[in-house]
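Engineer: Count the sequence shown with this note's numbering and you get residues -16 to 85, in order.
Backbone N, C-alpha and C define an ideal beta-carbon position, used for all residues, glycine too.
Bear in mind that the values here come from a model prediction, so they are computed numbers and not experimental data.
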Amino acid sequence: KEFDLPQRTQDEVMCLLDECEDMLNGVRLIQELSPKSLDQLVSYGERCSVRIMAARLNQIGVPAQAFDAWDVGVFTDENYGDAKLLPTTIDTIRDKFMSRID
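1) Assign residue 83 to one of two classes, buried (16 or more other C-beta atoms within 10 Å of its C-beta) or exposed (fewer than that).
2) Taking the straight line between their C-alpha atoms, what separation do you get for residue 58 and residue 71?
3) Under the rule that 16 or more other beta-carbon atoms within 10 Å means buried, what is residue 34, buried or exposed?
4) Measure how close the beta-carbons of residue 18 and residue 63 come, nearest whole angstrom, since I'm counting them as under 8 angstroms.
5) For residue 71, which residues does DSSP report across the bridge?
6) Counting along the chain, where does the alpha helix (DSSP H) carrying residue -10 start and finish?
7) Would you mind listing the alpha helix (DSSP H) stretches within the stretch 17 to 65 that are 4+ residues and don't spill past its ends, in chain order?
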């Protein structure tokens, strides 16, 4: 069954897709794809998906909000393509979400 995305979600997803397209054009122009650039490109799919999922959950009555990883404190080392969470990440995420609980 299809569902309509709210306009705000559509706008956010389109903005991310435009950014992704710009990045892909850059990769095409320089004909090089570094592990860092690949991680960034993969993130666009993740970032679009989380917005679509949150919108759908809200539509079916489940309160949800989309977050990008860095907005909730997910930080990794610089081993692009195989990054590991920094030791403080779990505590940072917990603190971010605990501050949102009523």
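Structural biologist: Put simply:
1) Exposed, because fewer than 16 other Cβ atoms sit within 10 Å of the Cβ of residue 83.
2) A direct Cα-Cα distance of roughly 8 angstroms separates residue 58 from residue 71.
3) With 16 or more Cβ atoms within 10 Å of its Cβ, residue 34 is classed as buried.
4) About 4 angstroms separates the beta carbons of residue 18 and residue 63, which is inside the 8 angstroms limit, making them a contact pair.
5) BP columns for residue 71 are empty, so no partner.
6) Element bounds for residue -10: -10 to 13.
7) 18 to 42, all fully within the stretch 17 to 65.
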